[in-house]
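Peer 1: Quick one: structure below, then a few questions.
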Ligand SMILES: Nc1ncnc2c1ncn2[C@@H]1O[C@H](COP(=O)(O)OP(=O)(O)OP(=O)(O)O)[C@@H](O)[C@H]1O
Ligand SMILES: [Mg+2]
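Protein chains in written order, with my numbering: chain A, 1 to 377; chain B, 1 to 314.
Structure, rendered in structure tokens:
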């Protein structure tokens, strides 16, 4: 008798579209902001993250190899260096972002070292975020020259040649040239969506409340679910337009590779948009006016931009900050987008980052329903 | 819909607090089907709040009274009430950035109307706004906004109209048209609760309720309300009325002294005290004092003055 009415729902969507169309300034901002930001963030944001997770694939169990690994840990740049036995294991770790480096120590490492023949150590680095890896690679290069100096100075002193005893080869995976746009462009996708989606929906209901039109809407038989979702739909489309713009720019202006499946990317983007829209709608049912909705948006947006790994490498932050960041959908979204675009990750590999976004959404919806007012009280 | 309901609105003992402020106290109202019921009271007396409680936009304080609107429970069946009530808000609450036609169309859609186009066209025609249908409603003058709002809340053919100061800022001709339409609709069985500050409008209602500071002070037909207050009123004409009114106000038994053009209306509840006061001040032959019928306005002003002390405005 009083179920969800599609006709009413379309009526609300249509009204929202008309109002959006008439609000030229807002509409211009929604399209203009992504373009502006893309141009502004052309420069690299640098930092010096430490304690990066690394794995060692060692085929040589000599004291020299162990010294080198210990020296890596002591440098402060690497943390919890795990030893893996097989190559595919190492590959898995780096593809899923569980480690940022894999250090390959070859079978004949100590023999070549003793003979002074400069054994090779291959370092694979996940360079999707180049600023996060550059300094650590620099530190590795110093280690290659000095770590074994004392061991080699004794009885094997003669074997210590004046050039570095080890030939360190760095293989920057996923982003060989260390181009920061590869990181910034996917990051912008996330921040711009966070900003506009939360703000626009946050204002959508409070605007009605402020103008007094909410009273009229409440006096009609329209259901809260129709009003809330009807207001969300136009912004999903706006979000997709923004994504399209940024994606095109990433392909044709910044030449960011697209290794993964665009359908997977689309799916992930939709989940992310939905998470932000639910937060926006929840904000607007808590806020009393547009100003409060705006303040709430910024209260959420600033940590998102600072902690998610967009501004500063995630792993460069103290643990409590990482923990906080892991609540934010943007943190996971960045990993997802980089994973899809730069690493070609498939859907099943992305689950560890998708469920936290879904969990966030669920909690927010529950909060929103708790606060939604069906009356003017 | 409950069959055989005699009352369009029948609420008893509703209360509403905003924070510590007791805005509506033990509000009871019975509006018969097909009746035009006037709702009067000074600013901030709780008219809008009461109307909002009747149509489910505000929840009355829990455990304080109950009632029905069109036979539906005002506490539990608000969804059903909303479908059959047309509520016109005091403040213009249609969308200013939608055109007149878009607004009407949207409202028609919200009520799930079948023949939307015809209904909207019909409403535009009655308003005489066909030629301006594609103008933004925010660009309308205040009076036209009121008329558009009324058209919008009549669109879905409600059984009860709740009108919150529908004619504020509307010119006399449009006001007369408005009341003619309301009476025509009531003749067809529509019930109307209308709040107003205009005395002539109050007199056009079948019955009235007067509320002040959250308390219902009088109900009944205009004549009943006037006689129930047992007011005595004298019209005084003569020189220097301004001075006279100050002098009169200082005397016991004098309630209100209100200038009406060249006459002064002096009202009070105790006739003998009032006569004494008039004899003391206006005994001069230049003054003419004669008893007249108390008007609704005299009654309301006296009611308002009597009620103030019951309420501390925060
Ligand atoms: N949402 C609210 N929150 C707090 N107080 C409120 C709210 N709405 C109304 N009030 C207070 O309730 C009282 C009654 O307000 P209401 O709007 O019902 O008066 P009214 O009779 O309609 O007045 P007017 O003739 O000016 O329209 C006022 O004192 C007002 O300040
Ligand atoms: Mg009012």
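Glycine included, each C-beta is placed from N, C-alpha and C at the ideal position.
None of the values given here were measured: they were computed from a predicted structure.
Strictly by DSSP, which residues pair up with residue 39/B?
Peer 2: Partner(s): 195/B, 209/B.
Peer 1: Taking any Cβ of chain B, which residues in the region 201 to 221 of chain A have a Cβ under 9 Å from it, in chain order?
Peer 2: Going along the region 201 to 221 of chain A in chain order, one finds 208, 211, 212, 213, 214, 215, 216, 217, 218, 219, 220, 221 with a Cβ nearer than 9 Å to chain B.
Peer 1: Could you tell me the distance, in whole angstroms, from the CA atom of residue 23/B to the CA atom of residue 217/B?
Peer 2: When rounded, the distance between both Cα atoms is 14 Å.
Peer 1: Determine the direct distance from the alpha carbon of residue 244/A to that of residue 166/B, and round the result to whole angstroms.
Peer 2: Approximately 48 Å between the Cα atoms of the pair.
Peer 1: Which residues share a DSSP beta bridge with residue 69/B?
Peer 2: Partner(s): 9/B, 72/B.
Peer 1: Here's the rule I'm using: 16 or more other beta-carbon atoms within 10 Å means buried, otherwise exposed. How should residue 105/B be labelled?
Peer 2: Under this definition residue 105/B is a buried residue.
Peer 1: Ligand 2 and residue 378/A: does the residue's C-beta get closer than 7 Å to at least one heavy atom of that ligand?
Peer 2: The structure shown does not extend to residue 378/A, since chain A is modelled only from 1 through 377, so no value can be given for it.
Peer 1: Can you check the region 158 to 202 of chain B for any alpha helix (DSSP H) of at least 4 residues that lies completely inside it and give the ranges in chain order?
Peer 2: Runs found: 172 to 187.
Peer 1: Of all the residues that make up the region 285 to 310 of chain A, which are near chain B by a beta-carbon distance shorter than 7 Å?
Peer 2: Per Cβ criterion, the list is empty.
Peer 1: Which runs of the alpha helix (DSSP H) spanning at least 4 residues fall entirely within the region 253 to 322 of chain A, listed in chain order?
Peer 2: You should have 262 to 286, 290 to 307.
Peer 1: Since residue 123/A and residue 103/A are thought to touch, with beta carbons under 8 Å apart, how far apart are those beta carbons, to the nearest angstrom?
Peer 2: Confirmed, Cβ separation roughly 5 Å.
Peer 1: If you pair each beta-carbon of the region 298 to 308 of chain B with each one of the region 219 to 232 of chain B, do three or more pairs fall below 8 Å?
Peer 2: As far as the Cβ criterion goes, the region 298 to 308 of chain B touches the region 219 to 232 of chain B, which means the pair count is three or higher.
Peer 1: How is residue 21/B classed by DSSP in three states: helix, strand or coil?
Peer 2: Strand, per DSSP.
Peer 1: What did DSSP end up calling residue 127/A once you bin it into helix, strand or coil?
Peer 2: If DSSP states are grouped into helix, strand and coil, residue 127/A belongs with coil.
Peer 1: Give the straight-line distance between the Cα atoms of residue 204/A and residue 291/A, rounded to the nearest whole angstrom.
Peer 2: When rounded, the distance between both Cα atoms is 12 Å.
Peer 1: Give, in chain order, every unbroken run of the beta strand (DSSP E) that is at least 3 residues long and sits entirely within the region 42 to 99 of chain A.
Peer 2: Here the runs fully enclosed are 52 to 58, 78 to 84.
Peer 1: Would you list the one or two residues that DSSP bridges to residue 207/A?
Peer 2: Its beta-bridge partners do not exist; DSSP assigns none.
Peer 1: Counting only Cβ pairs nearer than 9 Å, list the residues of chain A close to residue 93/B.
Peer 2: Here the neighbours are 211, 212, 213, 214, 215, 216, 217, 219.
Peer 1: Use the C-beta contact count for residue 177/B: other C-beta atoms within 10 angstroms, 16 or more gives buried, fewer gives exposed.
Peer 2: Residue 177/B should be labelled exposed.
Peer 1: Given this structure, state the Cα-to-Cα distance separating residue 134/A from residue 141/A, to the nearest angstrom.
Peer 2: Spanning the two alpha carbons is a distance of roughly 11 Å.
Peer 1: With DSSP run on the structure shown, which of helix, strand or coil describes residue 326/A?
Peer 2: Three-state result, residue 326/A: coil.
Peer 1: Taking any heavy atom of ligand 2 as the mark, which residues have a C-beta closer than 7 Å to it, listed down the chain?
Peer 2: My final list is 47/B, 48/B, 90/B, 164/B, 165/B, 195/B.
Peer 1: Less than 7 Å between the CB of residue 43/B and some heavy atom of ligand 1, yes or no?
Peer 2: It does: the Cβ of residue 43/B is within 7 Å (strictly closer) of some heavy atom of ligand 1.
Peer 1: Using the C-alpha atoms, what's the distance from residue 290/B back to residue 183/B?
Peer 2: Going by the C-alpha atoms only, they are around 36 Å apart.
Peer 1: Is it buried or exposed, residue 188/A, if we count other Cβ atoms within 10 angstroms and call 16 or more buried?
Peer 2: It is buried - the Cβ of residue 188/A has at least 16 other Cβ atoms within 10 Å.
Peer 1: Applying a beta-carbon distance threshold of less than 7 Å, which residues of chain A neighbour residue 109/B?
Peer 2: Here the neighbours are 7, 8, 11.
Peer 1: Does any CB atom of chain A fall closer than 8 Å to the CB of residue 67/B?
Peer 2: Output row for residue 67/B: interface = no.
Peer 1: Specify whether the region 24 to 33 of chain A and the region 53 to 70 of chain A touch according to this definition: at least 3 beta carbon pairs, one from each stretch, less than 8 Å apart.
Peer 2: Counting Cβ pairs under 8 Å, fewer than three are found: no touch.
Peer 1: Measure the CB-CB distance between residue 138/B and residue 97/B and report whether it falls below 8 Å.
Peer 2: Taking 8 Å as the Cβ cut-off, residue 138/B and residue 97/B qualify as a contacting pair.
Peer 1: Quick one: residues in its chain with C-beta nearer than 7 Å to the C-beta of residue 321/A, no 5 flanking neighbours on either side, listed in chain order?
Peer 2: Cβ within range, chain order: 307.
Peer 1: Starting from the C-beta of residue 132/B, find all residues in its chain whose C-beta is less than 7 Å away, skip the five residues before and the five after it, and write them out in chain order.
Peer 2: The residues are 100.
Peer 1: Between which two residues does the beta strand (DSSP E) holding residue 104/A run?
Peer 2: Residue 104/A -> beta strand (DSSP E) spans 101 to 105.
Peer 1: Give me, in chain order, the residues of the same chain whose beta-carbon lies closer than 8 Å to that of residue 324/A; leave out the 5 immediate sequence neighbours on both sides.
Peer 2: Taken in chain order, the residues that qualify are 303, 307.
Peer 1: So what does DSSP say about residue 332/A, is it helix, strand or coil?
Peer 2: Here residue 332/A sits in helix by DSSP.
Peer 1: Is residue 21/B a contact residue of ligand 1, with contact defined as CB to any heavy atom under 7 Å?
Peer 2: Under cutoff, so the answer is yes.
Peer 1: If we ignore side chains and look at the alpha-carbon of each, how far apart do residue 205/B and residue 285/B end up?
Peer 2: So the alpha carbons of these two residues sit roughly 41 Å apart.
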